[in-house]
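See structure below.
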Amino acid sequence: MEFSRSHSPLLLALFFICLSILSNLFTSAEADLINDVCSGSKNPQFCINSLRSDPRSGSADLKGLGQIAIDLTTRSTKSTKSLVDSLKQHATDTRLKGIYDSCSENYGYSIYDLGEAASLLKSGDYLGVNLRASAALDDADTCDDNFKDAKLVEPRNLADASQNVQNLCEIILIIANRLGGNI
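Count along the sequence shown from 1, then add 279; that gives the number in my numbering.
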(Lines of atoms letter the chains of each structure in order from A and count residues from 1; the text may use other names and numbers.)
(Lines give C-alpha, C1' and ligand atoms only; values in the text may rest on other atoms or scores of the structure.)
Protein backbone atom coordinates (compact mmCIF):
# COMPACT_ATOMS: atom_id res chain seq x y z
CA MET A 1 0.00 0.00 0.00
CA GLU A 2 1.38 3.29 -1.02
CA PHE A 3 1.50 6.24 1.41
CA SER A 4 -0.66 9.07 0.22
CA ARG A 5 -1.34 12.56 1.30
CA SER A 6 -4.83 11.52 2.32
CA HIS A 7 -3.34 9.61 5.27
CA SER A 8 -1.37 12.64 6.50
CA PRO A 9 -4.20 14.30 8.46
CA LEU A 10 -5.03 10.99 10.13
CA LEU A 11 -1.41 10.39 11.15
CA LEU A 12 -1.11 13.93 12.38
CA ALA A 13 -4.27 13.56 14.46
CA LEU A 14 -3.00 10.27 15.95
CA PHE A 15 0.32 11.89 16.78
CA PHE A 16 -1.37 14.72 18.69
CA ILE A 17 -3.67 12.32 20.53
CA CYS A 18 -0.67 10.27 21.66
CA LEU A 19 1.20 13.41 22.65
CA SER A 20 -1.80 14.62 24.65
CA ILE A 21 -2.10 11.29 26.48
CA LEU A 22 1.61 11.25 27.33
CA SER A 23 1.46 14.85 28.50
CA ASN A 24 -1.46 14.04 30.80
CA LEU A 25 0.38 11.03 32.22
CA PHE A 26 3.45 13.12 33.08
CA THR A 27 1.36 15.98 34.50
CA SER A 28 -0.66 13.57 36.58
CA ALA A 29 2.50 11.86 37.88
CA GLU A 30 3.92 15.26 38.90
CA ALA A 31 0.65 16.24 40.59
CA ASP A 32 0.52 12.89 42.37
CA LEU A 33 4.10 13.31 43.65
CA ILE A 34 3.42 16.81 44.96
CA ASN A 35 0.09 15.74 46.49
CA ASP A 36 1.77 12.70 48.03
CA VAL A 37 4.59 14.77 49.53
CA CYS A 38 2.24 17.47 50.78
CA SER A 39 -0.22 15.04 52.33
CA GLY A 40 2.26 14.66 55.19
CA SER A 41 2.41 18.42 55.80
CA LYS A 42 0.67 20.31 58.60
CA ASN A 43 -0.58 22.70 55.90
CA PRO A 44 -1.04 20.62 52.72
CA GLN A 45 -2.50 23.42 50.59
CA PHE A 46 0.40 25.75 51.44
CA CYS A 47 2.80 22.95 50.50
CA ILE A 48 1.06 22.24 47.19
CA ASN A 49 0.82 25.92 46.26
CA SER A 50 4.46 26.55 47.19
CA LEU A 51 5.89 23.65 45.20
CA ARG A 52 3.66 24.30 42.20
CA SER A 53 4.65 27.98 42.18
CA ASP A 54 8.03 26.94 40.78
CA PRO A 55 7.95 26.04 37.07
CA ARG A 56 10.58 23.33 37.64
CA SER A 57 8.08 21.32 39.67
CA GLY A 58 6.32 20.16 36.50
CA SER A 59 9.18 17.83 35.63
CA ALA A 60 10.80 17.34 39.04
CA ASP A 61 11.40 14.04 40.76
CA LEU A 62 11.53 13.86 44.56
CA LYS A 63 15.12 15.12 44.73
CA GLY A 64 14.20 17.96 42.35
CA LEU A 65 11.29 18.91 44.61
CA GLY A 66 13.78 18.94 47.48
CA GLN A 67 15.92 21.48 45.64
CA ILE A 68 12.86 23.55 44.83
CA ALA A 69 11.81 23.51 48.50
CA ILE A 70 15.31 24.57 49.58
CA ASP A 71 15.35 27.39 47.01
CA LEU A 72 11.90 28.64 48.07
CA THR A 73 12.87 28.49 51.74
CA THR A 74 16.15 30.30 51.15
CA ARG A 75 14.37 33.13 49.31
CA SER A 76 11.76 33.41 52.05
CA THR A 77 14.41 33.36 54.79
CA LYS A 78 16.46 36.08 53.09
CA SER A 79 13.33 38.19 52.72
CA THR A 80 12.47 37.66 56.39
CA LYS A 81 15.99 38.63 57.47
CA SER A 82 15.64 41.84 55.42
CA LEU A 83 12.33 42.53 57.15
CA VAL A 84 13.95 42.02 60.57
CA ASP A 85 16.79 44.37 59.66
CA SER A 86 14.29 47.00 58.50
CA LEU A 87 12.23 46.67 61.69
CA LYS A 88 15.39 47.06 63.74
CA GLN A 89 16.27 50.31 61.96
CA HIS A 90 12.92 51.79 62.89
CA ALA A 91 12.77 50.45 66.46
CA THR A 92 13.18 52.93 69.30
CA ASP A 93 12.86 50.49 72.22
CA THR A 94 16.23 49.01 73.22
CA ARG A 95 14.66 45.65 74.12
CA LEU A 96 13.11 45.45 70.66
CA LYS A 97 16.42 46.35 69.03
CA GLY A 98 18.06 43.53 70.99
CA ILE A 99 15.42 41.06 69.87
CA TYR A 100 15.78 42.17 66.27
CA ASP A 101 19.56 41.75 66.54
CA SER A 102 19.04 38.21 67.78
CA CYS A 103 16.45 37.47 65.08
CA SER A 104 18.74 38.81 62.36
CA GLU A 105 21.49 36.54 63.61
CA ASN A 106 19.08 33.58 63.73
CA TYR A 107 17.93 34.14 60.16
CA GLY A 108 21.56 34.50 59.10
CA TYR A 109 22.19 31.05 60.58
CA SER A 110 19.11 29.73 58.77
CA ILE A 111 20.42 31.02 55.44
CA TYR A 112 23.74 29.28 56.09
CA ASP A 113 21.99 26.04 57.10
CA LEU A 114 19.88 26.09 53.94
CA GLY A 115 22.98 26.57 51.79
CA GLU A 116 24.49 23.54 53.49
CA ALA A 117 21.24 21.61 52.97
CA ALA A 118 21.45 22.29 49.22
CA SER A 119 24.99 20.89 49.09
CA LEU A 120 24.01 17.87 51.16
CA LEU A 121 21.02 17.20 48.90
CA LYS A 122 23.28 17.16 45.85
CA SER A 123 25.63 14.69 47.53
CA GLY A 124 22.76 12.43 48.62
CA ASP A 125 23.21 13.00 52.37
CA TYR A 126 19.51 13.14 53.23
CA LEU A 127 20.06 12.85 56.98
CA GLY A 128 22.30 15.91 56.71
CA VAL A 129 19.57 17.74 54.77
CA ASN A 130 17.13 16.86 57.53
CA LEU A 131 19.48 18.14 60.24
CA ARG A 132 20.16 21.43 58.43
CA ALA A 133 16.46 22.02 57.65
CA SER A 134 15.64 21.31 61.31
CA ALA A 135 18.24 23.85 62.39
CA ALA A 136 16.84 26.45 59.98
CA LEU A 137 13.34 25.84 61.33
CA ASP A 138 14.57 26.11 64.94
CA ASP A 139 16.32 29.40 64.18
CA ALA A 140 13.09 30.92 62.87
CA ASP A 141 11.16 29.56 65.84
CA THR A 142 13.76 31.01 68.23
CA CYS A 143 13.06 34.47 66.84
CA ASP A 144 9.36 34.04 67.65
CA ASP A 145 10.24 32.77 71.13
CA ASN A 146 12.37 35.85 71.81
CA PHE A 147 9.24 38.00 71.64
CA LYS A 148 7.27 35.64 73.88
CA ASP A 149 10.07 35.45 76.44
CA ALA A 150 10.29 39.26 76.60
CA LYS A 151 6.48 39.47 76.78
CA LEU A 152 6.46 41.68 73.70
CA VAL A 153 4.10 41.41 70.76
CA GLU A 154 5.80 40.21 67.60
CA PRO A 155 4.83 42.37 64.61
CA ARG A 156 2.22 40.57 62.52
CA ASN A 157 4.23 40.81 59.30
CA LEU A 158 7.24 39.24 61.00
CA ALA A 159 5.14 36.50 62.61
CA ASP A 160 3.60 35.69 59.21
CA ALA A 161 7.00 35.68 57.48
CA SER A 162 8.42 33.46 60.20
CA GLN A 163 5.52 31.02 59.86
CA ASN A 164 6.09 30.93 56.11
CA VAL A 165 9.76 30.01 56.65
CA GLN A 166 8.79 27.32 59.14
CA ASN A 167 6.16 25.85 56.79
CA LEU A 168 8.72 25.74 53.97
CA CYS A 169 11.31 24.10 56.24
CA GLU A 170 8.73 21.43 57.02
CA ILE A 171 8.44 20.65 53.30
CA ILE A 172 12.21 20.12 53.12
CA LEU A 173 12.01 17.79 56.14
CA ILE A 174 9.23 15.72 54.57
CA ILE A 175 11.16 15.36 51.32
CA ALA A 176 14.47 14.58 53.07
CA ASN A 177 12.77 11.88 55.13
CA ARG A 178 11.25 10.32 52.02
CA LEU A 179 14.55 10.44 50.16
CA GLY A 180 16.25 8.83 53.14
CA GLY A 181 13.64 6.08 53.24
CA ASN A 182 12.18 7.20 56.56
CA ILE A 183 8.61 7.49 55.25
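Quick reminder that beta carbons are idealized off the backbone N, C-alpha and C, glycines included.
Length of the line joining the Cα atoms of residue i and residue j
i    : j    : result
K376 : V363 : 10 Å
K367 : A440 : 15 Å
C390 : D417 : Before going on, a small fix: residue 390 reads as Ile here, not Cys. Going from the Cα of I390 to the Cα of D417 covers about 12 Å.
A414 : L393 : 9 Å
V408 : N446 : 16 Å
R457 : K360 : 29 Å
G319 : L406 : 18 Å
A397 : L410 : 12 Å
A438 : I327 : 21 Å
L431 : P323 : 31 Å
Y379 : A339 : 37 Å
D315 : S383 : 34 Å
R374 : K342 : 42 Å
A429 : S402 : 41 Å
Boundaries (first-last residue) of the alpha helix (DSSP H) holding residue i
i    : result
V432 : Element bounds for V432: n/a, residue is neither H nor E.
D463 : Because the chain spans 280 through 462 in this model, residue 463 falls outside it and cannot be assessed.
P323 : 323 to 331
Coil, strand or helix - residue i by DSSP
i    : result
G377 : helix
G459 : coil
G387 : helix
S398 : helix
S320 : coil
D424 : helix
G407 : helix
D418 : helix
D392 : helix
D315 : helix
D372 : coil
Open item on the list: Does the contact criterion of 3 or more C-beta pairs under 8 Å hold for the stretch 347 to 362 versus the stretch 446 to 457?
Closed with: Short answer: they touch.
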